[in-house]
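Numbering (the numbering used here), first residue to last: 13 to 242. The beta carbon of each residue, even a glycine, is placed where N, CA and C say it ideally should be.
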């Protein structure tokens with residue numbers, strides 16, 4: 013990492029859930045069998061990285077993705093600001109949300125009923141304040157679109173709204189550099205899926221096709237751009 017960049021932020025969307033395959037209905041479905049395979053594929057790109065901090069959505073599909081991936085970090089915490097975008101009050105049926113595993117620090121934000129844009133702005137501001145330099149965020153497609161808007165719009169509401177169309181596939185990986193000054197901030201990569209090229213569809217918001225029907229996709233860029241050697 014160059015001196016002009018103080019932090020490197022990895023964004024990881026959860027793997028395919030049973031809600032996507034219609035095996036299960038509701039806002040907190042676990043992973044499908046294909047989602048479990050996608051999560052296992054994450055072990056290769058992240059095997060040489062030990063994160064300073066890992067921030068997790070408390071929702072089941074994000075937790076299971078993290079657990080199966082075996083990604084490692086010094087500090088792990090649940091953060092309800094990272095939950096998926098739902099219409100107002102959408103998560104009320106899940107509250108109070110209890111029974112989270114003990115491998116991560118408890119959520120301190122209670123943002124279940126907070127608008128997704130406000131959550132993204134709040135989380136982005138915290139990223140600038142964190143002392144940790146290598147941070148992983150495990151979250152959801154809708155939240156990441158808003159986080160990208162918070163990162164690149166610099167307060168322009170019209171520009172912020174346009175980023176809602178920037179989707180990520182299941183287990184897609186994106187990388188942000190946060191600079192010493194905002195003008196040095198850089199989007200290094202968005203939605204890298206080479207590790208699951210045969211397990212995803214070209215459209216990140218369409219259902220994943222049956223086994224054997226997905227075609228290989230080529231994503232430009234160096235293979236190890238997000239890998240930090242020990």
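Judged by DSSP in its simplified three-state form, residue 65 adopts strand. If the five residues before and after residue 84 are omitted, its C-beta is found closer than 6 Å to the C-beta atoms of 62, all from its own chain and listed in chain order. A distance below 6 Å between beta-carbons, with the five flanking residues on each side excluded, links residue 200 to the following residues of its chain, in chain order: 187 and 189.
If you check the CB distance, residue 125 and residue 153 do not come in under 9 Å. In the DSSP assignment, residue 200 falls within the beta strand (DSSP E) that extends over 198-204. Using a 10 angstroms sphere on the CB of residue 123, the tally of other CB atoms reaches 16 or more, which defines it as buried. In this chain, residue 107 is not harboured by any alpha helix (DSSP H), its DSSP state being neither H nor E.
Taking a cut-off of 8 Å on C-beta distances, the region 159-173 does not touch the region 34-48, as fewer than three cross pairs fall below it.
Taking the Cα positions, residue 117 is about 33 Å away from residue 195. By the 16-neighbour rule on beta-carbons within 10 angstroms, residue 184 is buried. Between the alpha carbons of residue 177 and residue 157 lies a distance of about 7 Å.
For residue 52, there is no enclosing beta strand (DSSP E); the residue is part of the alpha helix (DSSP H) that begins and ends at 45-53. Beta bridge pairing from DSSP links residue 22 with 148 and 187. Going by DSSP, residue 76 is part of the alpha helix (DSSP H) stretching over 72-81. If the five residues before and after residue 80 are omitted, its C-beta is found closer than 7 Å to the C-beta atoms of 48, 51 and 52, all from its own chain and listed in chain order. Under the three-state reduction of DSSP output, residue 157 falls in the helix class. The continuous stretches of alpha helix (DSSP H) do not include residue 30, and DSSP gives it neither H nor E.
Residue 97 has its alpha-carbon roughly 14 Å from the corresponding atom of residue 26.
Under the three-state reduction of DSSP output, residue 85 falls in the strand class.
Between residue 173 and residue 161, the alpha-carbon positions lie close to 7 Å from each other. For residue 136, the enclosing alpha helix (DSSP H) covers residues 128-141. With contacts defined as CB atoms closer than 9 Å, residue 135 and residue 149 qualify as a contacting pair. Residue 39 carries a coil assignment under DSSP once its states are collapsed to helix, strand and coil.
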